[in-house]
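Accompanying notes for the structure given below.
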Amino acid sequence: MSKRIEVNDLNVYYGKFKAVEDVSMLIEPRSVTAFIGPSGCGKSTFIRTLNRMHEVIPGAYVEGQVLIDGDDLYGPGVDPVLVRRQVGMVFQRPNPFPTMSIRDNVLAGVKLNNRRISKSDADELVERSLRGANLWNEVKDRLERPGASISGGQQQRLCIARAIAVEPEVILMDEPCSALDPISTLAIEDLIEELKQDYTIVIVTHNMQQASRVSDRTAFFNIAGTGHPGKLIEYDDTRIIFSNPSVKATEDYVSGKFG
Amino acid sequence: MATTVSMPKTLTQGQLHPRTPWVVLGLSIAGAAGVVSLISMASGEEFSLVGTVALGVLAYLVMIVILSRQIEGSRKATDRLVTALVTGAFLIAMTPLVSLVSTVVILGSERFDAEFFTFSMRNIVGEGGGAVHAIVGTLLMTGTAAIISIPIGLFTAIYLVEYGRGPLARAITFFVDVMTGIPSIVAGLFAFSLFAIFFGPGVRMGFAGATALAVLMIPVVVRSCEEMLRVVPNELREASFALGVPKWLTILNVVLPTSAAGIATGIMLAIARVIGETAPLLIVAGFTASMNTNMFADRMQSLPVFVFTSYANQGVDTQAYLDRAWAGALTLILIVMALNLLARLIARFFAPKLGR
Chain A
1 MSKRIEVNDL NVYYGKFKAV EDVSMLIEPR SVTAFIGPSG CGKSTFIRTL NRMHEVIPGA
61 YVEGQVLIDG DDLYGPGVDP VLVRRQVGMV FQRPNPFPTM SIRDNVLAGV KLNNRRISKS
121 DADELVERSL RGANLWNEVK DRLERPGASI SGGQQQRLCI ARAIAVEPEV ILMDEPCSAL
181 DPISTLAIED LIEELKQDYT IVIVTHNMQQ ASRVSDRTAF FNIAGTGHPG KLIEYDDTRI
241 IFSNPSVKAT EDYVSGKFG
Chain B
1 MATTVSMPKT LTQGQLHPRT PWVVLGLSIA GAAGVVSLIS MASGEEFSLV GTVALGVLAY
61 LVMIVILSRQ IEGSRKATDR LVTALVTGAF LIAMTPLVSL VSTVVILGSE RFDAEFFTFS
121 MRNIVGEGGG AVHAIVGTLL MTGTAAIISI PIGLFTAIYL VEYGRGPLAR AITFFVDVMT
181 GIPSIVAGLF AFSLFAIFFG PGVRMGFAGA TALAVLMIPV VVRSCEEMLR VVPNELREAS
241 FALGVPKWLT ILNVVLPTSA AGIATGIMLA IARVIGETAP LLIVAGFTAS MNTNMFADRM
301 QSLPVFVFTS YANQGVDTQA YLDRAWAGAL TLILIVMALN LLARLIARFF APKLGR
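Sequence lines, in order, name chains A and B. At position 181 of the first sequence the residue is numbered 181 (the UniProt record's numbering), and the sequence of numbers has no breaks. At position 7 of the second sequence the residue is numbered 7 (the UniProt record's numbering), and the sequence of numbers has no breaks.
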């Protein structure tokens, strides 16, 4: 259920502005890959190109290739909607749909597409997804309450449950813990560890301890200065990045000399 | 130097008793009443209530500021001055509204009876009669205008917010702004000349009136719906896209439900805005004493035009015509009020549920 992502010579633009330059990397299935780097270096921009969310912004476009198990996401005739059904995404701020109950939020991927689903299938999907997001025990008695009625950490896990309910191959997480307290962060990190069994996970984080705790491989992005594009500086096993990086800038960043 | 005033060490200072301002206000008004009545006696004119209040409030302003400055210091004195000015401005703004509503209720209740809501004016000269033909006409024409303008307005707003980029969107926004400002008489003349092309000059029909109202209503609907769609957070759209939901389904199932409360309120207010239009209906729908439920033939009466014609063409029993005009005005206000209440109910019903 998980796929390999291969990125070849990717340039990302906002209109005329080149935000990310010349990124190539290989992300293995059933692994956690962390993107670290200072603010504005293009981590979030880059992760959004992996499920074609980047082009939602007017004027934004991409040059290069992103292959998922050999299929080019940016090839001719590729439907971004179908891409996003395979590559799910969790955002920085928990964003459950405010008009829907907890149960409907989990079923959002089905219901928003106006697909019919039998009551028993829906119940099973809700329970499976919420269990998968470690949230079932906390909300099983109040599935009909509004999605915004639970705590921020629970809302974020609800968003993860919503993402895995559409059964994607890859889950992208854009700073999923930055709006959460340490206890909720721990719950999400444990969850990432479990999800790794089934999914390819890519996570953007500002928290280097988090990157070293949860990820197998780490990519360090940096930027030469304002107005310059962000670049991939180093991409290696997390252990190596944090203990013996080959580039000076990486070592400075992970040891806290800047950033 | 004046700037190096030593700060007092205590946290308490002199304070006026909570009732003092009221006593000062009472004394000011009483004093002003005395002065005004002296003047009126001397000049032989009638006692002026407005003059009393104005003079009393002025005296209050001066006295409370002096008093407060002496006891409480200049900061509190400024506070009392501004409080008095703001309250005064609010009361001045409220006066015409209260006066209008009370006048309409008092004069309108004279003929606010069962006959008013069951009879038309057919074959009625003088007393009796009613406005049922005008009420039906107003509801029919406004309803038709709403049916025409809500889809057009809502879809335009969706285009502007979700799809519109570049010169076309800018042009639409500009012309919507221009349309918001057209005088209603121009909308009436537009509808008249449009229908005159097809039905010849002198055409009068309810549907033409509805068209004129729709011209006035569309820009209001576009504006209010646009505002409401814009406040839907982009995060929700992105959350939906990330689940593999196409754009049109995202708009239909996420954006519209999230903004439904605001859209419903905006539409209701747009209806309330056009339901009282007189000039365009006078031109294209004309006026009549008879019931007409056919939108596509003959003149159709409406409440604002009913009020206008009752006043403009008073018959033999003048008072009967005036009473009917006021009752018509009261009915119109009640309909608008009911629409506003309905809008609030709808807004509450659709509002996103955030309760814990």
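Positions of the beta carbon are idealized from the N, C-alpha and C atoms, including for glycine.
Pairs of beta-carbons, one from the region 156 to 174 of chain A and one from the region 87 to 97 of chain A, closer than 8 Å: are there three or more? yes
Does the beta-carbon distance from V222(B) to A169(B) come in below 8 Å? Sequence index remark: in the second sequence, residue 222(B) carries index 222 (1-based). Sequence index remark: in the second sequence, residue 169(B) carries index 169 (1-based). Taking 8 Å as the Cβ cut-off, V222(B) and A169(B) do not qualify as a contacting pair.
Which residues in chain B sit within 7 Å of V166(A), going by Cβ to Cβ distance? Position 166 of the first sequence, counted from the first residue, corresponds to residue 166(A). Within chain B, the residues near V166(A) are L243 and G244.
Can you tell me where the alpha helix (DSSP H) holding D123(A) begins and where it ends? Counting from 1 along the first sequence, the entry for residue 123(A) is found at position 123. Per DSSP, D123(A) belongs to the alpha helix (DSSP H) from K119 to G132.
Give me the DSSP bridge partner(s) of M89(A). By 1-based counting over the first sequence, the position of residue 89(A) is 89. For M89(A), which the question treats as bridged, DSSP gives the partners L172(A).
Buried or exposed for I218(B), please, with buried defined as at least 16 other CB atoms from any protein chain shown within 10 angstroms of its CB. Numbered from its first residue, the second sequence carries residue 218(B) at position 218. By the neighbour-count rule (16 or more Cβ atoms within 10 Å), I218(B) is buried.
Using the C-alpha atoms, what's the distance from A93(B) back to I150(B)? Here the question's residue 150(B) lines up with position 150 in the second sequence. Here the question's residue 93(B) lines up with position 93 in the second sequence. For I150(B) and A93(B), the distance between alpha carbons rounds to 33 Å.
Confirm, please, whether the CB-CB distance from A34(A) to V247(A) is below 8 Å. Taking the first sequence and counting its residues from 1, the one referred to as residue 247(A) is at position 247. Taking the first sequence and counting its residues from 1, the one referred to as residue 34(A) is at position 34. In this structure, A34(A) does not lie closer than 8 Å to V247(A) by Cβ.
Taking 6 Å as the limit between beta carbons, can you name the residues of its chain near D317(B), skipping five residues before and five after? Residue numbering aside, residue 317(B) sits at position 317 when the second sequence is read from its first letter. So the list reads G126 and E127, once near-sequence residues are dropped.
Residues of the region 210 to 235 of chain B with a CB closer than 8 Å to any CB of chain A: list them in chain order, please. P233 and E235
Since G230(A) contacts V20(A) with CB under 8 Å, what's their CB separation in whole angstroms? What you label residue 230(A) is simply residue 230 of the first sequence in a count that begins at 1. What you label residue 20(A) is simply residue 20 of the first sequence in a count that begins at 1. Their Cβ separation, rounded to whole angstroms, is 5 Å, which keeps G230(A) and V20(A) in contact under 8 Å.
State whether the region 274 to 288 of chain B contacts the region 136 to 146 of chain B, with contact taken as three or more CB pairs (one from each stretch) at a distance under 8 Å. yes
Cβ closer than 7 Å: which chain A residues qualify as neighbours of S240(B)? Indexing the second sequence from 1 puts residue 240(B) at position 240. Result: L112.
Give the residues of chain A in contact with T165(B), contact being defined as C-beta atoms less than 7 Å apart. As a position in the second sequence, residue 165(B) is number 165, starting the count at 1. First, the amino acid is wrong: residue 165(B) is Arg here, not Thr. Within 7 Å Cβ-Cβ: P58.
With H, G and I counted as helix, E and B as strand and the rest as coil, what does DSSP make of V231(B)? As a working note, residue 231(B) is residue 231 in the second sequence. If DSSP states are grouped into helix, strand and coil, V231(B) belongs with coil.
For V32(A), does the count of other Cβ atoms within 10 angstroms reach 16, so buried, or fall short, so exposed? Here residue 32(A) refers to the residue found at position 32 when the first sequence is read from its first residue. Answer is buried; the Cβ neighbour count reaches 16.
Euclidean distance between Cα positions of A249(A) and L10(A): On the first sequence, residue 249(A) is found 249 positions in, with the first residue counted as 1. On the first sequence, residue 10(A) is found 10 positions in, with the first residue counted as 1. Cα to Cα, the separation comes out at about 22 Å.
Could you name the residues of the region 91 to 109 of chain A whose beta carbon sits closer than 7 Å to any beta carbon of chain B, in the order they occur along the chain? F91, R93, N95, F97, P98, T99, A108 and G109
Short of 6 Å in beta carbon distance, which residues of its chain neighbour L282(B), apart from the five on each side in sequence? Order them along the chain. Within the second sequence, the letter at position 282 stands for residue 282(B). Taken in chain order, the residues that qualify are V305.
Taking the CB atoms as reference points, tell me whether I164(A) and S120(A) lie closer together than 8 Å. The residue given as residue 164(A) occupies position 164 in the first sequence. The residue given as residue 120(A) occupies position 120 in the first sequence. Cβ distance not < 8 Å, so I164(A) and S120(A) don't count as in contact.
With a threshold of 16 other CB atoms inside 10 Å of the CB of D190(A), please say whether the residue is buried or exposed. Position 190 of the first sequence, counted from the start, is the residue given in the question as residue 190(A). By the 10 Å Cβ count, D190(A) comes out exposed.
Does G88(A) get closer than 8 Å to chain B when you measure Cβ to Cβ? If you number the first sequence from 1, residue 88(A) lands on position 88. Closer than 8 Å to some Cβ of chain B, the Cβ of G88(A) qualifies, so yes.
From which residue to which residue does the beta strand (DSSP E) around Q65(A) run? Sequence index remark: in the first sequence, residue 65(A) carries index 65 (1-based). It spans A60 to I68 - the beta strand (DSSP E) in which Q65(A) sits, taken as one unbroken run.
Exposed or buried, what is P201(B) when buried is set at 16 or more other beta-carbons lying within 10 Å of its beta-carbon? In the second sequence, the residue the question calls residue 201(B) occupies position 201. Answer is exposed; the Cβ neighbour count stays below 16.
Is D123(A) a contact residue of the ligand GTP, with contact defined as CB to any heavy atom under 7 Å? This structure lacks the ligand GTP, and indeed carries no ligand of any kind.
Classify V204(A): buried if its beta carbon has 16 or more other beta carbons within 10 angstroms, exposed otherwise. Stepping through the first sequence from its first residue, residue 204(A) is reached at position 204. Label assigned to V204(A): buried.
For I335(B), count neighbouring Cβ atoms within 10 angstroms of its own Cβ and tell me buried if that reaches 16, exposed if not. Here residue 335(B) refers to the residue found at position 335 when the second sequence is read from its first residue. Flag for I335(B) reads buried.
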